[in-house]
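Chemist: In our numbering, the protein residues as written are 2 to 333.
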Amino acid sequence: MKYRVLLLVVGSLAVLAFAVSLTGVTPLEALKGLIQGSLGSPGAISGTLKETTPLLIAGLAVFIALRGGLFNIGVEGQFLVGAIVCAAIALRIPGVLGMVVGAASGMGAGALWALPAGLIKAYKGGHEVITTIMLNSVAIFLTGYLVGGPLKAPGQENTTTAALEESSRLPHLWADPPLFASSALLLAVLLVVGFAIWQRRTSAGYELDLVGSNPSAASLAGVKSSRVVVGAMTVSGAVGGLAGAVHVLAYEGRFYAGFSSGYGFDALGVALLAAGQPLALLPSAALFGILSKGSTAIQILGVPKGISTVVLGLVIVVFAAVRYRRVTHEAD
2 MKYRVLLLVV GSLAVLAFAV SLTGVTPLEA LKGLIQGSLG SPGAISGTLK
52 ETTPLLIAGL AVFIALRGGL FNIGVEGQFL VGAIVCAAIA LRIPGVLGMV
102 VGAASGMGAG ALWALPAGLI KAYKGGHEVI TTIMLNSVAI FLTGYLVGGP
152 LKAPGQENTT TAALEESSRL PHLWADPPLF ASSALLLAVL LVVGFAIWQR
202 RTSAGYELDL VGSNPSAASL AGVKSSRVVV GAMTVSGAVG GLAGAVHVLA
252 YEGRFYAGFS SGYGFDALGV ALLAAGQPLA LLPSAALFGI LSKGSTAIQI
302 LGVPKGISTV VLGLVIVVFA AVRYRRVTHE AD
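1. Using the rule of at least 16 other Cβ atoms within 10 Å of the residue's Cβ for burial, across every protein chain shown, is Ile131 buried or exposed?
2. Are the Cβ atoms of Gly265 and Glu52 separated by less than 8 Å?
3. Please report the straight-line C-alpha distance between Val101 and Ser183, rounded to a whole angstrom.
4. Is the stretch 22-29 touching the stretch 157-173 in the sense that three or more CB pairs, one from each, lie closer than 8 Å?
5. Can you tell me whether DSSP reads Thr160 as helix, strand or coil?
6. Using 8 Å as the cut-off, can you tell me whether the stretch 79-87 makes contact with the stretch 239-246, which would need three or more C-beta pairs spanning the two stretches below that distance?
7. May I ask you to list the residues that DSSP assigns as paired with Ser217?
8. Does DSSP put His173 in a helix, in a strand, or in coil?
9. In this structure, does DSSP put Ala182 in helix, strand or coil?
10. To which residues of the same chain is Val139 closer than 8 Å at the C-beta, ignoring the five residues directly before and after it?
11. Tell me, which residues are paired with Tyr257 by DSSP?
12. Should Phe142 go down as buried or exposed, given a rule of 16 or more other Cβ atoms within 10 Å for buried?
13. Identify the continuous alpha helix (DSSP H) that holds Pro279 and give its terminal residues.
14. Exposed or buried, Val97, counting other C-beta atoms within 10 Å across all chains shown (16 or more means buried)?
15. Using 8 Å as the threshold, is the C-beta distance between Gly69 and Val230 below it?
16. Within the continuous alpha helix (DSSP H) that includes Gly223, where are the two ends?
17. Which residue wins for smallest C-alpha separation from Leu40, given the options Leu174, Leu288, Ile308, Glu129?
18. Judging by CA-CA distance, which residue of Pro43, Trp199, Gly254, Phe19 is the nearest neighbour of Lys294?
19. Does the distance from the CB of Ile65 to the CB of Leu192 come in under 8 Å?
20. So, with DSSP's three-state summary, where would you put Asn73?
21. Identify, in the order they occur along the chain, each residue of the same chain with its Cβ nearer than 7 Å to the Cβ of Gly38, setting aside the five sequence neighbours on each side.
22. Helix, strand or coil for Ile262? Go by DSSP, reduced to three states.
23. Between Ala91 and the rest of its own chain, which residues show a CB-CB distance below 8 Å, the 5 nearest in sequence each way excluded?
24. Just the C-alpha distance for Leu50 and Leu186, rounded to the nearest angstrom, thanks.
25. Smallest Cα separation from Ala258: which of Leu171, Gly242, Gly150?
26. Give me the Cα-Cα distance between Ser106 and Val224, rounded to the nearest whole angstrom.
27. Taking the alpha-carbon positions, what's the Asp177 to Ala62 distance?
28. Measure the C-alpha to C-alpha separation of Ser47 and Phe260 and round it to an integer number of angstroms.
29. Roughly how many whole angstroms lie between the Cα atoms of Ala233 and Pro216?
30. So, at 8 Å on beta carbons, what are the nonlocal neighbours of Gly206 in its own chain, with the 5 sequence-adjacent residues on each side left out?
Below, the structure is given as C-alpha coordinates:
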(Lines of atoms letter the chains of each structure in order from A; the text may use other names.)
(Lines give C-alpha, C1' and ligand atoms only; values in the text may rest on other atoms or scores of the structure.)
Protein backbone atom coordinates (compact mmCIF):
# COMPACT_ATOMS: atom_id res chain seq x y z
CA MET A 2 0.00 0.00 0.00
CA LYS A 3 2.81 2.44 0.84
CA TYR A 4 4.25 2.03 -2.66
CA ARG A 5 0.85 2.74 -4.18
CA VAL A 6 0.62 5.92 -2.12
CA LEU A 7 4.10 6.98 -3.26
CA LEU A 8 3.21 6.32 -6.90
CA LEU A 9 -0.04 8.22 -6.43
CA VAL A 10 1.76 11.26 -5.02
CA VAL A 11 4.42 11.23 -7.75
CA GLY A 12 1.80 10.77 -10.46
CA SER A 13 -0.33 13.59 -9.08
CA LEU A 14 2.68 15.92 -8.98
CA ALA A 15 3.44 15.03 -12.60
CA VAL A 16 -0.14 15.85 -13.60
CA LEU A 17 0.07 19.12 -11.66
CA ALA A 18 3.33 20.05 -13.42
CA PHE A 19 1.77 19.32 -16.81
CA ALA A 20 -1.37 21.32 -15.99
CA VAL A 21 0.71 24.28 -14.81
CA SER A 22 2.82 24.22 -17.99
CA LEU A 23 -0.37 24.64 -20.03
CA THR A 24 -0.87 28.07 -18.43
CA GLY A 25 2.47 29.30 -19.77
CA VAL A 26 4.22 29.16 -16.40
CA THR A 27 7.10 26.74 -15.91
CA PRO A 28 6.63 24.14 -13.14
CA LEU A 29 9.78 25.49 -11.43
CA GLU A 30 8.35 29.01 -11.30
CA ALA A 31 5.06 27.68 -9.95
CA LEU A 32 6.85 25.59 -7.32
CA LYS A 33 8.89 28.59 -6.22
CA GLY A 34 5.73 30.70 -5.96
CA LEU A 35 3.92 27.92 -4.11
CA ILE A 36 6.67 27.61 -1.49
CA GLN A 37 7.10 31.36 -1.18
CA GLY A 38 3.36 31.88 -0.79
CA SER A 39 2.96 29.20 1.87
CA LEU A 40 6.26 29.15 3.78
CA GLY A 41 8.27 32.12 2.57
CA SER A 42 7.38 34.62 5.30
CA PRO A 43 5.91 34.70 8.83
CA GLY A 44 2.59 35.84 7.40
CA ALA A 45 2.59 33.03 4.85
CA ILE A 46 3.38 30.47 7.56
CA SER A 47 0.51 31.83 9.67
CA GLY A 48 -1.84 31.39 6.73
CA THR A 49 -0.63 27.85 6.13
CA LEU A 50 -1.16 26.93 9.79
CA LYS A 51 -4.66 28.40 9.57
CA GLU A 52 -5.43 26.18 6.57
CA THR A 53 -3.80 23.09 8.08
CA THR A 54 -5.73 23.09 11.37
CA PRO A 55 -9.28 22.50 10.05
CA LEU A 56 -7.90 20.10 7.44
CA LEU A 57 -6.24 18.02 10.17
CA ILE A 58 -9.37 17.76 12.34
CA ALA A 59 -11.69 17.20 9.37
CA GLY A 60 -9.19 14.70 7.95
CA LEU A 61 -9.37 12.78 11.23
CA ALA A 62 -13.16 12.73 10.89
CA VAL A 63 -12.93 11.10 7.46
CA PHE A 64 -10.18 8.76 8.69
CA ILE A 65 -12.30 7.43 11.57
CA ALA A 66 -15.07 6.49 9.15
CA LEU A 67 -12.58 4.90 6.75
CA ARG A 68 -11.22 2.68 9.51
CA GLY A 69 -14.77 1.41 9.97
CA GLY A 70 -15.15 0.69 6.26
CA LEU A 71 -17.21 3.83 5.62
CA PHE A 72 -16.67 6.66 3.14
CA ASN A 73 -17.98 9.76 4.89
CA ILE A 74 -18.39 12.31 2.11
CA GLY A 75 -20.54 14.37 4.47
CA VAL A 76 -17.81 16.01 6.56
CA GLU A 77 -18.39 19.28 4.71
CA GLY A 78 -21.98 19.37 5.94
CA GLN A 79 -20.96 18.30 9.45
CA PHE A 80 -18.30 21.03 9.43
CA LEU A 81 -20.92 23.66 8.54
CA VAL A 82 -23.59 22.64 11.07
CA GLY A 83 -20.95 22.32 13.80
CA ALA A 84 -19.66 25.79 13.01
CA ILE A 85 -23.01 27.57 12.94
CA VAL A 86 -24.27 25.87 16.11
CA CYS A 87 -21.04 26.75 17.91
CA ALA A 88 -21.28 30.38 16.78
CA ALA A 89 -24.92 30.64 17.88
CA ILE A 90 -24.14 29.21 21.33
CA ALA A 91 -20.92 31.17 21.92
CA LEU A 92 -22.70 34.43 21.04
CA ARG A 93 -25.24 33.80 23.80
CA ILE A 94 -22.89 32.41 26.45
CA PRO A 95 -19.80 34.61 26.61
CA GLY A 96 -16.41 33.67 28.00
CA VAL A 97 -14.74 30.32 28.48
CA LEU A 98 -18.04 28.61 29.31
CA GLY A 99 -19.49 29.67 25.98
CA MET A 100 -16.38 28.43 24.19
CA VAL A 101 -16.63 25.00 25.84
CA VAL A 102 -20.39 24.67 25.44
CA GLY A 103 -20.16 25.95 21.87
CA ALA A 104 -17.50 23.40 20.92
CA ALA A 105 -19.45 20.58 22.60
CA SER A 106 -22.65 21.68 20.86
CA GLY A 107 -20.82 21.78 17.52
CA MET A 108 -19.69 18.21 18.10
CA GLY A 109 -23.23 17.18 18.97
CA ALA A 110 -24.61 18.85 15.85
CA GLY A 111 -22.07 17.09 13.65
CA ALA A 112 -22.82 13.75 15.30
CA LEU A 113 -26.57 14.15 14.81
CA TRP A 114 -26.02 15.17 11.19
CA ALA A 115 -24.04 12.00 10.50
CA LEU A 116 -26.26 9.65 12.51
CA PRO A 117 -28.93 9.05 9.81
CA ALA A 118 -26.27 7.91 7.34
CA GLY A 119 -24.90 5.46 9.90
CA LEU A 120 -28.32 4.07 10.76
CA ILE A 121 -29.33 3.67 7.12
CA LYS A 122 -26.04 1.93 6.33
CA ALA A 123 -26.20 -0.40 9.33
CA TYR A 124 -29.83 -1.44 9.21
CA LYS A 125 -31.03 -0.84 5.64
CA GLY A 126 -27.84 -1.29 3.61
CA GLY A 127 -28.11 2.19 2.07
CA HIS A 128 -24.77 3.43 0.77
CA GLU A 129 -23.27 6.11 3.00
CA VAL A 130 -21.83 8.01 0.02
CA ILE A 131 -25.31 8.76 -1.31
CA THR A 132 -26.83 9.68 2.06
CA THR A 133 -23.93 11.90 3.14
CA ILE A 134 -23.92 13.76 -0.19
CA MET A 135 -27.63 14.45 0.27
CA LEU A 136 -27.02 15.61 3.85
CA ASN A 137 -24.29 17.95 2.57
CA SER A 138 -26.79 19.68 0.31
CA VAL A 139 -29.28 20.08 3.13
CA ALA A 140 -26.58 21.47 5.44
CA ILE A 141 -25.45 24.03 2.86
CA PHE A 142 -28.98 25.31 2.29
CA LEU A 143 -29.96 25.20 5.99
CA THR A 144 -26.91 27.09 7.25
CA GLY A 145 -27.29 29.58 4.40
CA TYR A 146 -30.88 30.24 5.46
CA LEU A 147 -29.99 30.59 9.14
CA VAL A 148 -27.09 32.99 8.64
CA GLY A 149 -29.13 35.04 6.19
CA GLY A 150 -32.18 35.11 8.46
CA PRO A 151 -32.55 34.33 12.18
CA LEU A 152 -28.82 34.42 12.99
CA LYS A 153 -27.82 37.36 10.81
CA ALA A 154 -26.18 40.21 12.73
CA PRO A 155 -28.51 43.23 13.00
CA GLY A 156 -27.54 46.12 10.76
CA GLN A 157 -25.09 44.05 8.73
CA GLU A 158 -25.18 44.20 4.94
CA ASN A 159 -23.04 41.08 4.70
CA THR A 160 -24.55 37.67 5.40
CA THR A 161 -22.86 36.97 8.72
CA THR A 162 -23.51 36.43 12.40
CA ALA A 163 -22.26 38.89 14.98
CA ALA A 164 -18.61 38.57 16.02
CA LEU A 165 -17.71 36.57 19.11
CA GLU A 166 -16.24 38.35 22.11
CA GLU A 167 -12.49 37.93 22.46
CA SER A 168 -13.04 36.02 25.72
CA SER A 169 -14.95 33.38 23.75
CA ARG A 170 -12.09 32.76 21.33
CA LEU A 171 -9.38 30.11 21.57
CA PRO A 172 -6.08 31.68 22.68
CA HIS A 173 -2.92 31.92 20.59
CA LEU A 174 0.07 29.69 21.21
CA TRP A 175 2.22 32.32 19.52
CA ALA A 176 1.24 35.88 18.76
CA ASP A 177 4.16 37.94 17.50
CA PRO A 178 2.88 39.74 14.38
CA PRO A 179 2.96 38.80 11.61
CA LEU A 180 3.41 35.23 12.93
CA PHE A 181 0.39 33.72 14.65
CA ALA A 182 -0.23 30.16 15.80
CA SER A 183 -3.51 29.23 17.46
CA SER A 184 -3.89 26.71 20.27
CA ALA A 185 -6.33 25.02 17.89
CA LEU A 186 -3.36 23.51 16.07
CA LEU A 187 -2.13 21.88 19.29
CA LEU A 188 -5.66 20.61 19.93
CA ALA A 189 -5.78 19.09 16.44
CA VAL A 190 -2.44 17.31 16.92
CA LEU A 191 -3.52 15.96 20.31
CA LEU A 192 -6.75 14.63 18.80
CA VAL A 193 -4.83 12.71 16.14
CA VAL A 194 -2.30 11.32 18.62
CA GLY A 195 -5.10 10.39 21.02
CA PHE A 196 -6.98 8.54 18.31
CA ALA A 197 -3.82 6.69 17.26
CA ILE A 198 -3.31 5.47 20.83
CA TRP A 199 -6.99 4.55 21.21
CA GLN A 200 -7.01 2.63 17.94
CA ARG A 201 -3.89 0.64 18.82
CA ARG A 202 -4.45 0.06 22.54
CA THR A 203 -8.19 -0.58 23.01
CA SER A 204 -10.58 -3.38 22.14
CA ALA A 205 -12.97 -0.84 20.61
CA GLY A 206 -10.21 0.29 18.27
CA TYR A 207 -9.56 -3.32 17.29
CA GLU A 208 -13.27 -3.87 16.60
CA LEU A 209 -13.37 -0.75 14.43
CA ASP A 210 -10.47 -2.00 12.32
CA LEU A 211 -11.90 -5.52 12.12
CA VAL A 212 -15.32 -4.37 10.93
CA GLY A 213 -13.69 -2.04 8.42
CA SER A 214 -11.31 -4.61 6.98
CA ASN A 215 -13.34 -7.83 7.21
CA PRO A 216 -17.00 -7.62 8.29
CA SER A 217 -17.45 -11.39 7.93
CA ALA A 218 -14.59 -12.11 10.32
CA ALA A 219 -15.98 -9.51 12.70
CA SER A 220 -19.35 -11.28 12.78
CA LEU A 221 -17.65 -14.63 13.42
CA ALA A 222 -15.73 -13.02 16.28
CA GLY A 223 -18.98 -11.87 17.87
CA VAL A 224 -18.58 -8.19 17.01
CA LYS A 225 -21.87 -6.41 16.33
CA SER A 226 -21.03 -4.76 13.02
CA SER A 227 -24.16 -2.60 13.00
CA ARG A 228 -23.21 -1.04 16.35
CA VAL A 229 -19.67 -0.33 15.16
CA VAL A 230 -20.89 1.17 11.88
CA VAL A 231 -23.33 3.52 13.61
CA GLY A 232 -20.72 4.44 16.21
CA ALA A 233 -18.00 5.09 13.64
CA MET A 234 -20.20 7.34 11.53
CA THR A 235 -21.49 9.21 14.58
CA VAL A 236 -18.02 9.82 16.01
CA SER A 237 -16.79 10.81 12.56
CA GLY A 238 -19.60 13.36 12.37
CA ALA A 239 -18.82 14.66 15.86
CA VAL A 240 -15.18 15.27 14.90
CA GLY A 241 -16.32 16.93 11.67
CA GLY A 242 -18.59 19.22 13.71
CA LEU A 243 -15.72 19.96 16.07
CA ALA A 244 -13.58 21.00 13.10
CA GLY A 245 -16.16 23.62 12.18
CA ALA A 246 -16.55 24.77 15.78
CA VAL A 247 -12.79 25.14 16.24
CA HIS A 248 -12.55 27.13 13.01
CA VAL A 249 -15.09 29.58 14.44
CA LEU A 250 -13.44 29.80 17.85
CA ALA A 251 -9.84 29.98 16.66
CA TYR A 252 -9.82 31.82 13.35
CA GLU A 253 -13.03 33.35 12.05
CA GLY A 254 -14.85 34.49 15.20
CA ARG A 255 -18.20 34.30 13.42
CA PHE A 256 -20.16 32.28 10.86
CA TYR A 257 -20.85 33.75 7.44
CA ALA A 258 -22.01 32.79 3.96
CA GLY A 259 -19.22 30.84 2.27
CA PHE A 260 -17.70 29.93 5.65
CA SER A 261 -16.00 26.79 4.36
CA SER A 262 -13.69 26.88 1.37
CA GLY A 263 -14.26 23.15 0.97
CA TYR A 264 -12.40 21.89 4.03
CA GLY A 265 -14.68 18.88 4.34
CA PHE A 266 -14.01 17.82 0.76
CA ASP A 267 -10.25 18.42 0.97
CA ALA A 268 -10.27 16.33 4.14
CA LEU A 269 -11.07 13.30 1.98
CA GLY A 270 -7.68 13.68 0.32
CA VAL A 271 -5.98 14.24 3.68
CA ALA A 272 -7.41 11.00 5.07
CA LEU A 273 -6.81 8.92 1.95
CA LEU A 274 -3.22 10.08 1.64
CA ALA A 275 -2.60 8.94 5.23
CA ALA A 276 -3.08 5.37 3.91
CA GLY A 277 -4.49 3.88 7.10
CA GLN A 278 -1.83 5.35 9.42
CA PRO A 279 -3.37 7.91 11.82
CA LEU A 280 -0.11 9.75 12.53
CA ALA A 281 0.37 10.17 8.78
CA LEU A 282 -2.55 12.61 8.95
CA LEU A 283 -0.08 15.18 10.32
CA PRO A 284 2.16 15.48 7.24
CA SER A 285 -0.80 14.88 4.94
CA ALA A 286 -2.75 17.82 6.38
CA ALA A 287 0.39 19.97 6.29
CA LEU A 288 0.86 19.16 2.60
CA PHE A 289 -2.73 20.06 1.80
CA GLY A 290 -2.41 23.24 3.88
CA ILE A 291 0.68 24.26 1.91
CA LEU A 292 -1.08 23.55 -1.38
CA SER A 293 -4.16 25.50 -0.31
CA LYS A 294 -2.26 28.59 0.84
CA GLY A 295 0.38 28.41 -1.87
CA SER A 296 -2.08 27.95 -4.72
CA THR A 297 -3.71 31.24 -3.74
CA ALA A 298 -0.33 32.96 -3.96
CA ILE A 299 0.57 31.64 -7.42
CA GLN A 300 -2.58 33.10 -8.93
CA ILE A 301 -0.56 36.27 -9.54
CA LEU A 302 1.57 34.23 -11.96
CA GLY A 303 -1.53 33.41 -13.97
CA VAL A 304 -2.01 29.89 -12.58
CA PRO A 305 -5.69 29.29 -11.72
CA LYS A 306 -6.23 28.28 -8.08
CA GLY A 307 -8.54 25.53 -9.29
CA ILE A 308 -5.65 23.54 -10.77
CA SER A 309 -4.57 22.29 -7.36
CA THR A 310 -8.19 21.38 -6.59
CA VAL A 311 -8.36 19.29 -9.76
CA VAL A 312 -5.19 17.43 -8.81
CA LEU A 313 -6.44 16.86 -5.26
CA GLY A 314 -9.63 15.50 -6.75
CA LEU A 315 -7.56 13.16 -8.89
CA VAL A 316 -5.82 11.89 -5.75
CA ILE A 317 -9.19 11.12 -4.16
CA VAL A 318 -10.68 9.41 -7.22
CA VAL A 319 -7.65 7.23 -7.96
CA PHE A 320 -7.12 6.24 -4.35
CA ALA A 321 -10.81 5.46 -3.88
CA ALA A 322 -10.77 3.33 -7.04
CA VAL A 323 -7.75 1.37 -5.78
CA ARG A 324 -9.43 0.87 -2.43
CA TYR A 325 -12.72 -0.21 -4.01
CA ARG A 326 -10.92 -2.70 -6.22
CA ARG A 327 -9.12 -4.18 -3.21
CA VAL A 328 -12.31 -4.46 -1.16
CA THR A 329 -14.21 -6.02 -4.08
CA HIS A 330 -11.40 -8.53 -4.66
CA GLU A 331 -11.43 -9.52 -0.99
CA ALA A 332 -15.21 -9.94 -1.05
CA ASP A 333 -14.97 -12.26 -4.06
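Think of the CB as a built atom: it goes at the ideal place given N, C-alpha and C, for glycine as much as any other residue.
Modeler: For this structure:
1. What you label residue 131 is simply residue 130 of the sequence shown in a count that begins at 1. That one is exposed.
2. As a working note, residue 265 is residue 264 in the sequence shown. As a working note, residue 52 is residue 51 in the sequence shown. Not in contact: Gly265 and Glu52 (Cβ atoms no closer than 8 Å).
3. Against the sequence shown, residue 101 aligns to sequence position 100. Against the sequence shown, residue 183 aligns to sequence position 182. Using only the alpha carbons, I get a separation of about 16 Å.
4. no
5. The residue you call residue 160 lines up with position 159 of the sequence shown. Coil, per DSSP.
6. yes
7. Within the sequence shown, residue 217 is the residue found at index 216, counting from 1. DSSP lists no partner for Ser217.
8. Position 172 of the sequence shown, counted from the start, is the residue given in the question as residue 173. His173 falls in the strand class under three-state DSSP.
9. Within the sequence shown, numbered from 1, the residue matching residue 182 stands at position 181. It is a strand residue.
10. Numbered from 1 along the sequence shown, position 138 holds the residue referred to as residue 139. For Val139, where only same-chain residues beyond five positions count, the Cβ hits under 8 Å are Gly78.
11. For the purposes of this step, residue 257 is taken as residue 256 along the sequence shown, with counting starting at 1. Note: Tyr257 sits in a beta bridge opposite Thr161.
12. Position 141 of the sequence shown, counted from the first residue, corresponds to residue 142. Classification of Phe142: exposed, given that the 10 Å Cβ count is below 16.
13. Taking the sequence shown and counting its residues from 1, one reaches residue 279 at position 278. First-last for Pro279: undefined, no H or E at that position.
14. For this step, residue 97 is matched to residue 96 along the sequence shown. Burial call: exposed.
15. Translated into positions along the sequence shown, residue 69 becomes position 68. Translated into positions along the sequence shown, residue 230 becomes position 229. Result yes, Cβ atoms of Gly69 and Val230 sit closer than 8 Å.
16. For the purposes of this step, residue 223 is identified with residue 222 of the sequence shown, where counting begins at 1. Element bounds for Gly223: n/a, residue is neither H nor E.
17. As a first step, residue 40 is located in the sequence shown; it is residue number 39 there, counting from the start. That would be Leu288, whose Cα lies nearest to the Cα of Leu40.
18. Locating residue 294 in the sequence shown gives position 293, counting from the first residue. Answer by Cα proximity: Pro43.
19. Translated into the one-based positions of the sequence shown, residue 65 becomes position 64. Translated into the one-based positions of the sequence shown, residue 192 becomes position 191. No, these two residues do not count as a Cβ contact at 8 Å.
20. By 1-based counting over the sequence shown, the position of residue 73 is 72. Coil.
21. On the sequence shown, position 37 is the one that residue 38 refers to. Excluding residues within five positions, the ones whose Cβ falls inside 7 Å are Ala45, Lys294, Gly295, Thr297, Ala298, Ile299.
22. One-based indexing of the sequence shown puts residue 262 at position 261. For clarity, residue 262 is Ser in the given sequence; the question names Ile instead. Ser262 falls in the coil class under three-state DSSP.
23. Along the sequence shown, one-based indexing puts residue 91 at 90. Closer than 8 Å at Cβ, skipping near neighbours: Gly99, Met100, Val102, Gly103, Leu165, Ser169, Val249, Leu250.
24. The residue given as residue 50 occupies position 49 in the sequence shown. The residue given as residue 186 occupies position 185 in the sequence shown. Going by the C-alpha atoms only, they are around 7 Å apart.
25. One-based indexing of the sequence shown puts residue 258 at position 257. Of the candidates Leu171, Gly242, Gly150, the one whose C-alpha sits nearest the C-alpha of Ala258 is Gly150.
26. Start at 1 with the first residue of the sequence shown, and residue 106 comes out as number 105. Start at 1 with the first residue of the sequence shown, and residue 224 comes out as number 223. Taking the straight line from one Cα to the other gives about 30 Å.
27. Residue mapping note: residue 177 aligns to position 176 of the sequence shown, counting from 1. Residue mapping note: residue 62 aligns to position 61 of the sequence shown, counting from 1. If you take the alpha carbons of Asp177 and Ala62, they lie about 31 Å apart.
28. On the sequence shown, residue 47 is found 46 positions in, with the first residue counted as 1. On the sequence shown, residue 260 is found 259 positions in, with the first residue counted as 1. Cα-Cα distance, rounded: 19 Å.
29. For the purposes of this step, residue 233 is taken as residue 232 along the sequence shown, with counting starting at 1. For the purposes of this step, residue 216 is taken as residue 215 along the sequence shown, with counting starting at 1. Going from the Cα of Ala233 to the Cα of Pro216 covers about 14 Å.
30. Along the sequence shown, read from residue 1 onward, the residue named residue 206 stands at position 205. Closer than 8 Å at the Cβ level, and outside the excluded window around Gly206, lie Trp199, Gln200.
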